[in-house]
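Chemist: As given, the protein sequences belong to chains A and B, one line each in that order.
Terminal number for the first sequence in UniProt numbering: 349, no gaps in between.
Terminal number for the second sequence in UniProt numbering: 349, no gaps in between.
I am attaching a structure below and will ask some questions about it afterwards.
Protein chains: 2
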Amino acid sequence: MSDERRRMAGGLDYRHGRIELWHGSGGRAMAQLIEELFETSFDNPFLARRNDQACFEVGAGRLVMTTDGFVIAPLFFPGGDIGCLAVHGTVNDIAMAGARPLYLAVAMIIEEGFPLADLKAIVASMAAAAKAAGVAIVTGDTKVVERGKGDGIFITTTGVGVVPAGVEISAERARPGDAVLLSGSIGDHGVAVLSKRESLAFETELLSDCASLHDLVARMVEAVPGIHAMRDPTRGGLAALLNEIAQQSGVGIALNEDAIPVAPAVRGACELLGLDPLYVANEGKLVAFCAAEDADRLLAVMRAHPLGRDAARIGTVVEDSRRFVQMQTGFGGHRIVDWLAGDQLPRIC
Amino acid sequence: MSDERRRMAGGLDYRHGRIELWHGSGGRAMAQLIEELFETSFDNPFLARRNDQACFEVGAGRLVMTTDGFVIAPLFFPGGDIGCLAVHGTVNDIAMAGARPLYLAVAMIIEEGFPLADLKAIVASMAAAAKAAGVAIVTGDTKVVERGKGDGIFITTTGVGVVPAGVEISAERARPGDAVLLSGSIGDHGVAVLSKRESLAFETELLSDCASLHDLVARMVEAVPGIHAMRDPTRGGLAALLNEIAQQSGVGIALNEDAIPVAPAVRGACELLGLDPLYVANEGKLVAFCAAEDADRLLAVMRAHPLGRDAARIGTVVEDSRRFVQMQTGFGGHRIVDWLAGDQLPRIC
Chain A
1 MSDERRRMAG GLDYRHGRIE LWHGSGGRAM AQLIEELFET SFDNPFLARR
51 NDQACFEVGA GRLVMTTDGF VIAPLFFPGG DIGCLAVHGT VNDIAMAGAR
101 PLYLAVAMII EEGFPLADLK AIVASMAAAA KAAGVAIVTG DTKVVERGKG
151 DGIFITTTGV GVVPAGVEIS AERARPGDAV LLSGSIGDHG VAVLSKRESL
201 AFETELLSDC ASLHDLVARM VEAVPGIHAM RDPTRGGLAA LLNEIAQQSG
251 VGIALNEDAI PVAPAVRGAC ELLGLDPLYV ANEGKLVAFC AAEDADRLLA
301 VMRAHPLGRD AARIGTVVED SRRFVQMQTG FGGHRIVDWL AGDQLPRIC
Chain B
1 MSDERRRMAG GLDYRHGRIE LWHGSGGRAM AQLIEELFET SFDNPFLARR
51 NDQACFEVGA GRLVMTTDGF VIAPLFFPGG DIGCLAVHGT VNDIAMAGAR
101 PLYLAVAMII EEGFPLADLK AIVASMAAAA KAAGVAIVTG DTKVVERGKG
151 DGIFITTTGV GVVPAGVEIS AERARPGDAV LLSGSIGDHG VAVLSKRESL
201 AFETELLSDC ASLHDLVARM VEAVPGIHAM RDPTRGGLAA LLNEIAQQSG
251 VGIALNEDAI PVAPAVRGAC ELLGLDPLYV ANEGKLVAFC AAEDADRLLA
301 VMRAHPLGRD AARIGTVVED SRRFVQMQTG FGGHRIVDWL AGDQLPRIC
């Protein structure tokens, strides 16, 4: 019996075991990792066939495809971890097209020496998030890099979803007069991650808002199929999102600062850390642009959902060839909300 | 004018420029990188819409989805680089289901300080490979990690493709009596990468075989729609592939060593490096399992294609409840071709 066979005979050692280079080398150790951890946790017939690709039936129509690499540090943060984040983030990018998520593919790049216990926790978190979102993780890939050539684990999640007939949501479709609706308070994710990174203790525990928004979106699209544009304010925060939409649609946006919900604890932490909540990442919020006459109906649907309880109309799309995002401040003044400047929080997602 | 704006006014500096953390932070620098490099190079209307997802029409039927992370070191090697490899690898995983590749998604994790010139070369290589394979890179993501937390660049490529009606290729479908066909010589990729890594100079230049096999596969599937199983021998080499299929199909495989093509220069390098070509990675080869009566026809189609010129029938599927891969050696003996043992070449793809 070879050393390798002996090592594997007892199953993966989640207590003391670590990822080694051979877990990524295409041999028996990789097969064991796939079988004992990934197949068992993600449990679906696509994965169980052990092909290098998953095959599924689709009806004729429009699909969306989206991919995101997750490099967040730390891997575990208040309110979530890189595993559920990788599922939520990709589910949300599918949902932002008004689409229903169907299938996910997961590629992991793991650093040699990474504890199997942490990998197990992350995989369990992914599995739970995928189950809750009604999506199957149907195919995957695992690579291992030498110690010092990575940082624990990076996860790239790619998803496909199906767009309902009649829905046409895209960044260039915002029009002057459109209402700008935000699904809830901003800054929670970024501040929660930063508080953990900097080992800050606040009186109120700050939790990431990380969540899958597909169900909220399904209800929104059902009520108002003609939503013009929709996006989730992740890296770069609300400010980046609004500037991107203004740029793509060739419009300006007039914001009302008082209408933008920010939790008091987040506001306090931002002041302490010298951050503007407008630029801080969120992982469970969305912004929708719709015709003014649809705004009340859409807002009511959002507020009726647990993930849109604090939804608010935060502004209006205006004609502006300079494509500026401008904000009426609480003090009655105006300021330009520019793109994020050079220095921001790295590795927030 | 801020420093950041001044820096960006002149466009990306491919001569001296390097990736900085702000290229991944969701702000203006990231937008510039996407616009000037990715959109220009990958040039397609999906990407140009700048949504966080790509939307496309599909007909009713079966799709495949596959994902692979590429962490190869060195990034540039004889016969290719991480860019074209990331396209070929994913195109091939789609093709191995007999499917026609349609769309790719690309997620990059780049280390702070990575030269923009290298990124440009890699992106150009990806664009050329995608164009040659007739696939569009329709969506993507860029993350930047701090110096020392990555290794230059990691690329995860995910693809979708469409399976022709009547084609049902899967790892569990090999049957006793099936012919085992290999499309060409083995070991080229692994040996080429290793020669560069170890700075070895051989008399004959060793080149990676890295190539997209979709066109070869299209002809094979057209000639013999009933191919049972197909896979490309990447990490773990031919030995891993044969063991995987034997395992999944519940069969044994009888190989004929003399029939397996190995280029003399590769054989020589393997002897020098102490490698067995059976375990060395390939990136432009495939193995097909088909009914004995289809074998001659399929082999003829493979040999008529430039990427299958040296195709050979290397063995036969046999009944074996132990699922062993056995090889008749050139000297008339027999040996078990086991799974890859623990130590193999890390980061070969």
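Note that the Cβ used here is the ideal one computed from N, Cα and C, for glycine as well.
Quick caveat, the model's predicted, so the values are computed rather than measured.
On the CB-based measure, 16 or more other CB atoms within 10 Å of its CB, does residue 398(B) come out buried or exposed?
Modeler: No statement about residue 398(B) is possible, as the shown extent of chain B runs from 1 to 349 and does not include it.
Chemist: Consider the Cβ of residue 350(A): report whether some Cβ of chain B lies at a distance smaller than 9 Å.
Modeler: Here chain A has residues from 1 to 349 only, and residue 350(A) is not among them.
Chemist: Nearest chain B C-beta to A281(A) closer than 9 Å, yes or no?
Modeler: Working through the first sequence from its first residue, we reach residue 281(A) at position 281. True, the Cβ-Cβ gap to chain B drops below 9 Å.
Chemist: Please tell me whether L255(B) has its Cβ less than 9 Å away from any Cβ of chain A.
Modeler: Indexing the second sequence from 1 puts residue 255(B) at position 255. No, because no Cβ of chain A sits closer than 9 Å to the Cβ of L255(B).
Chemist: Can you say whether T234(A) is buried or exposed, counting buried as having 16 or more other CB atoms within 10 angstroms of its CB?
Modeler: Locating residue 234(A) in the first sequence gives position 234, counting from the first residue. Its Cβ being crowded by 16 or more others within 10 Å, T234(A) is buried.
Chemist: Whole-angstrom Cβ separation of H189(A) and N92(A), contact assumed at under 8 Å?
Modeler: For the purposes of this step, residue 189(A) is taken as the residue at position 189 of the first sequence. For the purposes of this step, residue 92(A) is taken as the residue at position 92 of the first sequence. Wrong, their Cβ atoms sit about 12 Å apart, outside the cutoff.
Chemist: Within 9 Å of any Cβ in chain A, is that where the Cβ of V211(B) sits?
Modeler: On the second sequence, position 211 is the one that residue 211(B) refers to. Residue 211(B) is actually Ala in this sequence, not Val. No, A211(B) does not count as interfacial toward chain A.
Chemist: Cα separation between G333(B) and D151(B)?
Modeler: To locate residue 333(B), count along the second sequence from 1; it is residue 333. To locate residue 151(B), count along the second sequence from 1; it is residue 151. Spanning the two alpha carbons is a distance of roughly 45 Å.
Chemist: Mapping DSSP to helix, strand and coil, what is D13(B)?
Modeler: On the second sequence, position 13 is the one that residue 13(B) refers to. It is coil, neither helix nor strand.
Chemist: Does the beta carbon of S170(A) sit closer than 9 Å to a beta carbon anywhere in chain B?
Modeler: Working through the first sequence from its first residue, we reach residue 170(A) at position 170. So, interface residue.
Chemist: What's the call for L238(A), buried or exposed, on a 16-neighbour Cβ count within 10 Å?
Modeler: Your numbering for residue 238(A) matches position 238 in the first sequence. By the neighbour-count rule (16 or more Cβ atoms within 10 Å), L238(A) is buried.
Chemist: Who are the neighbours of A60(A) on chain B, taking C-beta pairs under 9 Å?
Modeler: As a first step, residue 60(A) is located in the first sequence; it is residue number 60 there, counting from the start. Simply E57, V58, G59, A60 and G61.
Chemist: Listing by chain order, which chain A residues have their CB less than 7 Å from the CB of P261(B)?
Modeler: Against the second sequence, residue 261(B) aligns to sequence position 261. Here the premise fails: no neighbours, minimum Cβ distance about 21 Å.
Chemist: Taking all protein chains shown into account, do 16 or more other C-beta atoms lie within 10 angstroms of the C-beta of A133(B), making it buried, or fewer, making it exposed?
Modeler: Translated into positions along the second sequence, residue 133(B) becomes position 133. The residue in question, A133(B), is buried, as its Cβ has 16 or more Cβ neighbours within 10 Å.
Chemist: Can you give me the Cβ contacts of G59(A) inside the same chain, cut-off strictly under 8 Å, excluding the 5 residues immediately before and after it?
Modeler: For the purposes of this step, residue 59(A) is identified with residue 59 of the first sequence, where counting begins at 1. Within the same chain, G59(A) has close Cβ partners V162.
Chemist: If we require 4 or more residues per run, which alpha helix (DSSP H) segments fall completely within the region 3-77 of chain A?
Modeler: 3-9, 28-33 and 45-48
Chemist: Is there contact between the region 270-289 of chain A and the region 180-187 of chain A, where contact requires at least three CB pairs shorter than 8 Å?
Modeler: yes
Chemist: Name the DSSP bridge partner or partners of D81(A)?
Modeler: Counted from its first residue, the first sequence places residue 81(A) at position 81. According to DSSP, D81(A) bridges with F76(A).
Chemist: If the cut is a Cβ gap below 7 Å, which residues of chain B does G79(A) touch?
Modeler: On the first sequence, position 79 is the one that residue 79(A) refers to. Going along chain B, no residue has its Cβ under 7 Å from G79(A), so there is no contact; the nearest lies around 20 Å.
Chemist: Measuring only the C-alpha atoms, how far is H23(B) from F324(B)?
Modeler: Translated into the one-based positions of the second sequence, residue 23(B) becomes position 23. Translated into the one-based positions of the second sequence, residue 324(B) becomes position 324. Going by the C-alpha atoms only, they are around 50 Å apart.
Chemist: Please classify D93(B): does DSSP put it in a helix, a strand, or coil?
Modeler: As a first step, residue 93(B) is located in the second sequence; it is residue number 93 there, counting from the start. Helix, per DSSP.
Chemist: Just confirm the distance between the C-beta atoms of D232(B) and M96(B), as a whole number of angstroms; I'd bet it's less than 8 Å.
Modeler: Along the second sequence, read from residue 1 onward, the residue named residue 232(B) stands at position 232. Along the second sequence, read from residue 1 onward, the residue named residue 96(B) stands at position 96. Contact between D232(B) and M96(B) holds: their C-beta atoms lie close to 6 Å from each other, under 8 Å.
Chemist: Please return the same chain residues whose Cβ sits closer than 7 Å to the Cβ of P176(B), not counting the five positions on each side in sequence.
Modeler: Mapped onto the second sequence, residue 176(B) falls at position 176. Cβ within range, chain order: V251, V317, V318 and E319.
Chemist: Taking only runs of the beta strand (DSSP E) that begin and end inside the region 117-149 of chain A, which ones reach a length of at least 3 residues, in chain order?
Modeler: 136-145
Chemist: At the 9 Å Cβ level, is L119(B) part of the contact set with chain A, yes or no?
Modeler: Counted from its first residue, the second sequence places residue 119(B) at position 119. Output row for L119(B): interface = no.
Chemist: Excluding the 5 residues flanking S2(A) on each side, which residues of the same chain have their C-beta closer than 7 Å to its C-beta?
Modeler: In the first sequence, residue 2(A) corresponds to position 2, counting from 1. Per-residue confidence for S2(A) stands at a pLDDT of 48, beneath the threshold of 50, marking its modelled position as unreliable; no derived number is given.
Chemist: Taking 9 Å as the threshold (C-beta atoms), are M327(B) and T158(A) in contact?
Modeler: As a first step, residue 158(A) must be located in the first sequence, where it is residue number 158. As a first step, residue 327(B) must be located in the second sequence, where it is residue number 327. When the beta-carbon positions are compared, T158(A) and M327(B) stay at least 9 Å from each other.
Chemist: Expressed to the nearest angstrom, what Euclidean distance is found between the alpha-carbon atoms of G80(A) and Q32(A)?
Modeler: Position 80 of the first sequence, counting from 1, holds the residue named residue 80(A). Position 32 of the first sequence, counting from 1, holds the residue named residue 32(A). Approximately 27 Å, taken between the alpha carbons.
Chemist: Exposed or buried, I253(B), counting other C-beta atoms within 10 Å across all chains shown (16 or more means buried)?
Modeler: Numbered from 1 along the second sequence, position 253 holds the residue referred to as residue 253(B). Under this definition I253(B) is a buried residue.
Chemist: What residues are listed by DSSP as bridge partners for C290(A)?
Modeler: To locate residue 290(A), count along the first sequence from 1; it is residue 290. Per the DSSP secondary-structure output, C290(A) pairs in a beta bridge with A179(A).
Chemist: Could you name the residues of the region 218-240 of chain A whose beta carbon sits closer than 8 Å to any beta carbon of chain B, in the order they occur along the chain?
Modeler: Listed by position, the residues of the region 218-240 of chain A near chain B (Cβ gap below 8 Å) are R231, D232, T234, R235, G236, G237 and A240.
Chemist: Below 9 Å between beta carbons is the criterion; list the residues of the region 24-39 of chain A that meet it against any residue of chain B, in chain order.
Modeler: G24, S25, G26, G27, R28, A29, M30 and A31
Chemist: Closest Cβ-Cβ distance between P346(A) and chain B: below 9 Å?
Modeler: Residue 346(A) sits at position 346 when you count from the first residue of the first sequence. Judged by the 9 Å Cβ criterion, P346(A) is in contact with chain B.
Chemist: Figure out for me which residue from I72(A), V123(A) and R267(A) has the closest Cα to the Cα of F38(A).
Modeler: Taking the first residue of the first sequence as 1, we reach residue 38(A) at position 38. Comparing Cα-Cα distances from F38(A) to each of I72(A), V123(A) and R267(A), the minimum goes to V123(A).
Chemist: Provide the residue(s) that pair with E111(B) in DSSP beta bridges, ordered along the chain.
Modeler: Taking the second sequence and counting its residues from 1, one reaches residue 111(B) at position 111. E111(B) is bridged to V145(B).
Chemist: Between which two residues does the alpha helix (DSSP H) holding N282(A) run?
Modeler: What you label residue 282(A) is simply residue 282 of the first sequence in a count that begins at 1. According to the DSSP assignment, N282(A) belongs to no alpha helix (DSSP H), since it is labelled neither H nor E.
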